[in-house]
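Asks: Numbering (UniProt numbering), first residue to last: 1 to 330.
The beta-carbon is built from N, C-alpha and C at its ideal position, and this holds for glycine as well.
Questions regarding the structure given below will be posed in turn.
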Amino acid sequence: MDEDLKKFLDFVNIVDEGKIYEYKSVFDTLGRLDPDVLPEYCKRFQTAVKNHKEGKDKKRFRYSDIPCIDASGVTINGKSEAESDSFIHANKFEYKTVTNTRKLILCQAPTEETKDDMLDMILKYKIGVVVILVKPEEATGSEKKWVPYYPTEHYELDTPSFTLKRISMNKLDENFIAESKYQLTSKKTQKGTSFSILHYQGWPDTSIPSEHKSVYELYKKIINLRNDDYVAIHCSAGIGRTGTLALIMYLIDTINYFPTFDPIARLKCLREHRYLAVQKHNQFVFALLVVFEHYKKEIDEMDEGAYGRFLGIAENLFNKERTRQDRQKK
């Protein structure tokens with residue numbers, strides 16, 4: 001048995017349907033704060049909601065029921081935390097691995113009003129990769145769950161504060177990933193940075209993709225592009241799809257960093273940085289499935305049937321959830 005993976009392979013040996021449903025019993029409440037004390041931990045978000053409600057400021061958030069924790073918050077526009085126009089609905093999630101430090105920023109998709117805020121964040125934190133998990137069609141319709149903030153029809157995009165030039169673009173590949181690269185320049189300071197966008201287009205809102213291998217390919221692309229720079233991830237609200245991908249990365253990155261392989265403890269830590277991260281229990285199980293995919297060779301060497309057994313448990317759970325959702329729609 002691979003000593004570096006011993007704790008994870010011990011987990012593979014014991015996990016069964018009962019264990020997965022045991023996780024479900026704690027999933028919803030894990031890391032949740034008492035509603036009476038929650039506002040104390042997200043004062044900047046509360047101020048943003050209040051200022052918008054009173055007509056004092058633009059809407060700096062998408063959803064008023066998804067708080068943003070102050071402790072791991074991000075500041076923009078050259079302002080301090082105390083200034084209201086420093087707020088963006090984003091949280092840093094940084095953690096040590098055996099070999100380095102992973103730096104993630106988990107955020108909401110910008111609105112028409114906050115495109116420049118997103119670009120300011122990319123420049124300030126020198127974000128190397130932005131991972132977009134919303135489908136293109138989610139930008140249309142009544143809800144408009146996101147808006148593109150980069151050139152789509154032309155090579156260049158001018159905003160009030162920035163110029164954005166497309167350097168390269170690859171078409172959608174067989175894993176539903178479109179990769180492109182941009183040069184971002186501030187009109188005010190002339191400072192610039194280049195960054196890549198990985199747009200994964202196979203993930204429905206509040207749910208999971210129809211298969212897990214394309215998300216594993218997305219993970220590999222992220223890792224291959226940059227290691228030391230910030231990686232920003234967003235869907236619409238920045239908690240469900242975004243949190244699931246962050247959990248996948250966190251679990252793989254720290255596979256032999258902690259005394260045991262404890263995915264619920266890792267989810268709790270993630271939620272302490274990005275409140276409400278990973279919306280659904282099936283998203284949590286999906287994250288585990290991608291981790292199993294990453295270590296399939298080592299799992300097979302230990303027990304040829306273990307990967308298939310977990311895949312069966314996961315697919316059974318996913319099918320039950322789909323059936324339940326279909327009933328609700330009728």
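What residues are listed by DSSP as bridge partners for Ser186?
Replies: Phe162, per the DSSP bridge assignment.
Asks: Would you mind working out which of Leu245, Tyr125 and Ala237 sits nearest Asp221, comparing C-alpha positions?
Replies: Before going further, note that residue 221 is Lys rather than Asp in the sequence given. Selected option, being the one with the closest Cα: Leu245.
Asks: For His273, which of helix, strand or coil comes out of DSSP?
Replies: Here His273 sits in helix by DSSP.
Asks: Does the region 256-276 come close enough to the region 123-141 to have 3 or more Cβ pairs within less than 8 Å?
Replies: No contact exists between the region 256-276 and the region 123-141.
Asks: Look at Ala277 and Leu106 and say whether their C-beta atoms are less than 8 Å apart.
Replies: For Ala277 and Leu106, yes; Cβs fall inside 8 Å.
Asks: Mapping the DSSP letters down to three states, classify Arg226 as helix, strand or coil.
Replies: If DSSP states are grouped into helix, strand and coil, Arg226 belongs with coil.
Asks: Go through the region 13-53 residue by residue and report every complete run of the alpha helix (DSSP H) that reaches 4 residues or more, in order.
Replies: Runs found: 17-27, 38-41 and 43-53.
Asks: Buried or exposed for Asp117, going by 16 or more other Cβ atoms inside 10 Å?
Replies: By the neighbour-count rule (16 or more Cβ atoms within 10 Å), Asp117 is buried.
Asks: In three-state terms, what does DSSP make of Arg102?
Replies: Looking at Arg102 - three-state DSSP - the assignment turns out to be strand.
Asks: In this structure, how does DSSP classify Ser86 when only helix, strand and coil are distinguished?
Replies: In the structure shown, Ser86 sits in a helix (DSSP, three-state: H, G or I).
Asks: Looking only at its own chain, which residues have a Cβ that is under 7 Å from the Cβ of Met169, when we skip the five neighbours before and after it?
Replies: Ser180.
Asks: Tell me whether Ser86 is buried or exposed, calling it buried when 16 or more other Cβ atoms sit within 10 Å of its Cβ.
Replies: That one is buried.
Asks: Taking 8 Å as the cut-off, decide whether the C-beta atoms of Val74 and Ser64 are in contact.
Replies: No. Outside cutoff.
Asks: Considering only the beta carbon of each residue, do Tyr200 and Leu288 sit closer than 8 Å?
Replies: Against a cut-off of 8 Å, the Cβ pair of Leu288 and Tyr200 comes out as no contact.
Asks: Assuming Thr111 and Lys59 make a contact with CB atoms under 8 Å, what is their CB distance in whole Å?
Replies: The Cβ separation is near 7 Å, so the contact holds.
Asks: Can you list, in chain order, the residues of its chain with a C-beta nearer than 7 Å to that of Tyr250? Leave out the 5 residues immediately preceding and following it.
Replies: Excluding residues within five positions, the ones whose Cβ falls inside 7 Å are Tyr95, Arg266 and Leu270.
Asks: Between the Cα of Glu272 and the Cα atoms of Arg309, Asn13, Ala71 and Asp16, which residue gives the shortest distance?
Replies: Considering only alpha carbons, the answer is Ala71.
Asks: If you reduce the DSSP assignment to three classes, tell me which class Val231 lands in.
Replies: Strand.
Asks: Work out the CA separation of Lys320 and Pro204 for me, nearest whole Å.
Replies: Pro204 and Lys320: Cα-Cα distance of roughly 17 Å.
Asks: For the region 151-167 against the region 178-194, are there 3 or more C-beta pairs whose distance is under 8 Å?
Replies: Yes: the two stretches touch, three or more of their Cβ pairs being nearer than 8 Å.
Asks: Taking the DSSP output, what are the residues bridged to Asn91?
Replies: Looking at the DSSP assignment, Asn91 forms a beta bridge with Gly73 and Leu106.
Asks: Please state if the CB of Ile76 and the CB of Ile239 are separated by a distance shorter than 8 Å.
Replies: For Ile239 and Ile76, no; Cβs fall outside 8 Å.
Asks: Taking DSSP's pairing of strands, which residues face Lys181 in a bridge?
Replies: DSSP output for Lys181 lists Ser168 and Ser196 as bridge partner(s).
Asks: Could you check if Gly243 is buried or exposed, using at least 16 other CB atoms within 10 Å of its CB as the buried criterion?
Replies: By the neighbour-count rule (16 or more Cβ atoms within 10 Å), Gly243 is buried.
Asks: Judging by CA-CA distance, which residue of Val285, Leu247, Phe286 and Asn282 is the nearest neighbour of Lys268?
Replies: The residue with the shortest Cα to Cα distance from Lys268 is Leu247.
Asks: Would you mind giving the Cβ-Cβ distance between Ile313 and Ile20, rounded to the nearest angstrom? I have them listed as a contact below 8 Å.
Replies: About 6 Å; that satisfies the 8 Å criterion.
Asks: Can you tell me which residues form a DSSP beta bridge with Ile127?
Replies: In the DSSP output, where bridge partners are listed per residue, Ile127 has Tyr230.
Asks: Between which two residues does the alpha helix (DSSP H) containing Thr244 stretch?
Replies: Its alpha helix (DSSP H) spans residues Gly240 to Asp253.
Asks: For residue 335, name the three-state secondary structure that DSSP assigns.
Replies: Residue numbering for the chain in the displayed model covers 1 to 330; residue 335 lies beyond these limits and cannot be assessed.
Asks: Tyr149: which of Leu317, Asp120, Ile177 and Phe286 sits nearest, CA to CA?
Replies: Ranking the options by Cα distance to Tyr149, first place goes to Asp120.
Asks: Glu138: which of Tyr23, Ser236 and Gln283 sits nearest, CA to CA?
Replies: Glu138 has its Cα closest to that of Ser236, out of Tyr23, Ser236 and Gln283.
Asks: Are the Cβ atoms of Val131 and Val231 separated by less than 8 Å?
Replies: It is a contact, given that the beta carbons lie within the stated cut-off.
Asks: Does DSSP put Ile122 in a helix, a strand or coil?
Replies: Ile122: helix per DSSP, three-state reduction.
Asks: Which value, in whole angstroms, describes the spacing of the CA atoms of Ala178 and Glu211?
Replies: So the alpha carbons of these two residues sit roughly 18 Å apart.
Asks: Taking all protein chains shown into account, decide if Asn13 is buried (16 or more other Cβ within 10 angstroms of its Cβ) or exposed.
Replies: Under this definition Asn13 is an exposed residue.
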